[in-house]
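Take the sequence shown: its position 409, counted from the start at 1, is 394 in this note's numbering, and no numbers get skipped.
Note that beta-carbon positions come from the ideal geometry of N, C-alpha and C, so glycine has one too.
All of these numbers come straight from a predicted model, not from anything done at the bench.
To start, the structure itself, in C-alpha cells.
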Amino acid sequence: MPVMSRRDFGRLAGGFGAALLAARAPAFARGAAKVVVVGGGAGGATTARLIKRAAPQLDVTLIESNPIYTFSSLSNLYLGGLRPLESLNHAYAGLHRSNVTVVQDTARDVDAAARVVRTAGGRTYRYDRLVLGPGVNIKYQSIQGYSRAAAEVMPHAYTSEAHGKRMLKRHLRAMRDGGTVLLAPPKGPYGCPPAPYERACMIAHYLKTRKPRSKLIILDAKKSIPEQAAFAAVFDRYYRNVVELHLSRDVEDLALLRVNPRTREIFTRSGRRLRPDVANIIPPQRAGVIAGRAGCTVGDWCPVTERFRSKTVKHVYVIGDACQAPELAKSAYAAHSQAGIVAEDIVADLAGKPRGEVHYESICWSVVAPGRALRIGTTFAAYDGRMKATQGSMSDPTESDEARRQNYAEALAWYARMSADMFGTPKSEPAHKAG
Ligand code: FAD
-14 MPVMSRRDFG
-4 RLAGGFGAAL
6 LAARAPAFAR
16 GAAKVVVVGG
26 GAGGATTARL
36 IKRAAPQLDV
46 TLIESNPIYT
56 FSSLSNLYLG
66 GLRPLESLNH
76 AYAGLHRSNV
86 TVVQDTARDV
96 DAAARVVRTA
106 GGRTYRYDRL
116 VLGPGVNIKY
126 QSIQGYSRAA
136 AEVMPHAYTS
146 EAHGKRMLKR
156 HLRAMRDGGT
166 VLLAPPKGPY
176 GCPPAPYERA
186 CMIAHYLKTR
196 KPRSKLIILD
206 AKKSIPEQAA
216 FAAVFDRYYR
226 NVVELHLSRD
236 VEDLALLRVN
246 PRTREIFTRS
256 GRRLRPDVAN
266 IIPPQRAGVI
276 AGRAGCTVGD
286 WCPVTERFRS
296 KTVKHVYVIG
306 DACQAPELAK
316 SAYAAHSQAG
326 IVAEDIVADL
336 AGKPRGEVHY
346 ESICWSVVAP
356 GRALRIGTTF
366 AAYDGRMKAT
376 QGSMSDPTES
386 DEARRQNYAE
396 ALAWYARMSA
406 DMFGTPKSEP
416 AHKAG
C-alpha cells in the first residue's frame, strides 16, 4: 500500500462536504420523501444532519434509544484520569434545531415490504429510504460464563454506553496498589482496531501515576496487533514495568474460552488460567440487533455496496461499524466520513440526479501518554463497484515527540469538528483534569 503524506490526507478530507454541495436542494416530484435514520451515533447523526442540510424539503427522522450520546473516541482518556467522561456527552438538541425530527425510542423491527420501522414504544415510521447505523452488539455468548450481568464484574466498556466505562473506572479506583489488571482484546473485527491498545496505555498511565506497584497484562486473541512496532516502542518507553503484552501463537491460543465472574477467574482456549484483580474483557462483536431484524446481516455483519446500500434489503443503507465490505474500517472517523456518501446518494437518488465519486477515509489517533498520540490512516475508494483501501499512513516507532504532540492536537481538532457535524455543538476542552 503506498504511503500518504499528511497534506494529501488533509486534501481528501475536504472532499467530504464538496460531494454534498453538488447534490443540494433537488426538486422532488412528489410530496416530502421520508428518510428514517436508526442510531444517532457517528454515522447516523451525521447522515441525518447532512441530508437535512442538503435537501431541507426531505422529512428526516432520527430514532435513537438514548437522550445523550457519549463518544467512545477519547473515552480511554477518562480511564487514564486525563479527561472527564461528561466532556464527551452530547444531547440531540442541535439536530432538532436543524429540523431533524429526533425520536427517543428503540427501533424494534423493520417491515421491508411495507417500508415501515416499528419501535419499542409502539410507534411506526414509514420511509422511502432507511439508514441503519446501530453500531455494534457484544457477542456475550462467545465466552462461556460471560453475560450482561458478568460485565458488571468484568466490564467490556466497548459500546457507546457510558455505563461500562464508568464501571471499569470504578474497578480501577477500588483496586489495591500492587494489583493486576487484565485486558483481553478479541480477534476482530471490532470497532477501532488500535483502541484496545490506546486503552492499555491509558490504564497503564493511571496505574503508573496512582498505583505504581500494579501491573497490566494484555492477553490477546491475535498473533499481532495494529501498529505493533509503534505500540511496543510506547510500552517500552513509558510503561516498561507496568505493561506485559502476551500475543497468541501457533501453539497457544489466548482467546478467552471461559470466565467465572464469581471467582474472577479467566481461562484461555489453550488452558492458561488467570485471576486478575480487575478484568476488562472485550468479546467478539456483531452488527447491532436491529440490522439483523431488518434482514441486513449475513453472519455477524451487513454486506453493503460501495455506496453503503444493503446488499440484502432494498431501500436500506447500513453505515458505520455495522456494515461490512472487504477492508472497510470500523471507526468513528470512517462512519462520519461514510455519512457524506450515504447522504449524497439518498438526496441524489430521490431527486433522480447523478452522484459523485465514492471515496472516504478513516484515521484513528491513539493517545499513548498525556499530550502524545499515534496516528494511523487509510483512504478508501470504489473500483468496479467495490470499496478498496487505496493509501495509508502510520506512525513510525521512532516518531519524534513533536510529531506525537501534533497527532494529539489533530485528534482534539477532529473531535471538535466531528461533534459539530453530528450535533451542531462543538465541545470545548475541559478546563480541569479528571481523577
Ligand atoms: P455508534 O457511534 O456506536 O452509534 C450507534 C447508535 O445507535 C448508538 O447511539 C445507539 O444507542 C443507537 N442504537 C443502536 N440500536 C438502536 C435501535 N435499535 N434503535 C435506536 N437506536 C439504536 N473511532 C475513532 O475513529 N477514533 C477513536 O479514537 C476511537 N476510539 C474508540 C475507543 C473505544 C473504547 C471504542 C469502544 C471505540 C472507539 N472508536 C474510535 C470506534 C467508534 O466509537 C465507532 O467506530 C463508532 O462510534 C461507530 O459509529 P456508528 O455510527 O456505527 O455507531
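Under the three-state reduction of DSSP, which class applies to residue i: helix, strand or coil?
{"i": "Thr297", "result": "coil"}
{"i": "Arg258", "result": "strand"}
{"i": "Phe252", "result": "strand"}
{"i": "Lys193", "result": "helix"}
{"i": "Val101", "result": "strand"}
{"i": "Lys428", "result": "Any property of residue 428 remains undetermined from this structure, which presents the chain solely from -14 to 420."}
{"i": "Arg234", "result": "strand"}
{"i": "Ala358", "result": "strand"}
{"i": "Ala240", "result": "coil"}
{"i": "Tyr302", "result": "strand"}
{"i": "Tyr175", "result": "coil"}
{"i": "Asp285", "result": "coil"}
{"i": "Glu384", "result": "coil"}
{"i": "Asp330", "result": "helix"}
{"i": "Ser322", "result": "helix"}
{"i": "Asp221", "result": "helix"}
{"i": "Thr91", "result": "coil"}
{"i": "Ser404", "result": "helix"}
{"i": "Ile202", "result": "strand"}
{"i": "Met379", "result": "strand"}
{"i": "Glu229", "result": "strand"}
{"i": "Asn265", "result": "strand"}
Answer yes or no: the CB of residue i versus the heavy atoms of the ligand FAD, is any distance below 7 Å?
{"i": "Gly362", "result": "no"}
{"i": "Ile251", "result": "no"}
{"i": "Gly325", "result": "no"}
{"i": "Tyr125", "result": "no"}
{"i": "Asp386", "result": "no"}
{"i": "Ala240", "result": "no"}
{"i": "Pro119", "result": "yes"}
{"i": "Ile202", "result": "no"}
{"i": "Val20", "result": "no"}
{"i": "Lys172", "result": "no"}
{"i": "Gly25", "result": "yes"}
{"i": "Glu49", "result": "yes"}
{"i": "Asp306", "result": "yes"}
{"i": "Cys281", "result": "no"}
{"i": "Thr109", "result": "no"}
{"i": "Gly65", "result": "no"}
{"i": "Ala147", "result": "no"}
{"i": "Ser72", "result": "no"}
Using the DSSP secondary-structure output, state which residues sit across from residue i in a beta bridge.
{"i": "Lys150", "result": "Looking at the DSSP assignment, Lys150 forms no beta bridge with any residue, so it has no partner."}
{"i": "Ala367", "result": "Met372"}
{"i": "Val23", "result": "Ile48, Leu117"}
{"i": "Cys308", "result": "Cys287"}
{"i": "Asp96", "result": "Val101"}
{"i": "Arg247", "result": "DSSP output for Arg247 lists no bridge partner at all."}
{"i": "Ile123", "result": "Gln270"}
{"i": "Trp399", "result": "Partner(s): none; Trp399 has no beta bridge."}
Tell me the rounded alpha-carbon separation between residue i and residue j.
{"i": "Arg257", "j": "Leu239", "result": "8 Å"}
{"i": "Ser50", "j": "Gln89", "result": "5 Å"}
{"i": "Thr165", "j": "Asn265", "result": "11 Å"}
{"i": "Ala147", "j": "Gly176", "result": "16 Å"}
{"i": "Ala279", "j": "Thr297", "result": "9 Å"}
{"i": "Pro170", "j": "Pro269", "result": "8 Å"}
{"i": "Phe408", "j": "Val87", "result": "12 Å"}
{"i": "Gly66", "j": "Val332", "result": "43 Å"}
{"i": "Thr282", "j": "Ala272", "result": "8 Å"}
{"i": "Thr144", "j": "Arg340", "result": "33 Å"}
{"i": "Met372", "j": "Val327", "result": "14 Å"}
{"i": "His231", "j": "Ile202", "result": "7 Å"}
{"i": "His344", "j": "Ile210", "result": "26 Å"}
{"i": "Pro246", "j": "Pro41", "result": "51 Å"}
{"i": "Leu115", "j": "Arg161", "result": "50 Å"}
{"i": "Cys308", "j": "Ala276", "result": "9 Å"}
{"i": "Gly284", "j": "Pro197", "result": "44 Å"}
{"i": "Ile304", "j": "Pro119", "result": "8 Å"}
{"i": "Ser199", "j": "Arg155", "result": "16 Å"}
{"i": "Thr364", "j": "Gly163", "result": "43 Å"}
{"i": "Gly377", "j": "Trp286", "result": "24 Å"}
{"i": "Pro261", "j": "Ala336", "result": "58 Å"}
{"i": "Gly79", "j": "Arg184", "result": "30 Å"}
{"i": "Lys427", "j": "Leu259", "result": "With the chain running from -14 to 420 in the structure shown, residue 427 is simply not present."}
{"i": "Arg82", "j": "Gly16", "result": "22 Å"}
{"i": "Thr31", "j": "Thr55", "result": "15 Å"}
{"i": "Val227", "j": "Arg133", "result": "29 Å"}
{"i": "Ala189", "j": "Gly370", "result": "44 Å"}
Is the CB of residue i under 8 Å away from at least one CB in chain E?
{"i": "Gly29", "result": "Chain labels in this structure do not include chain E; a single protein chain is all it has."}
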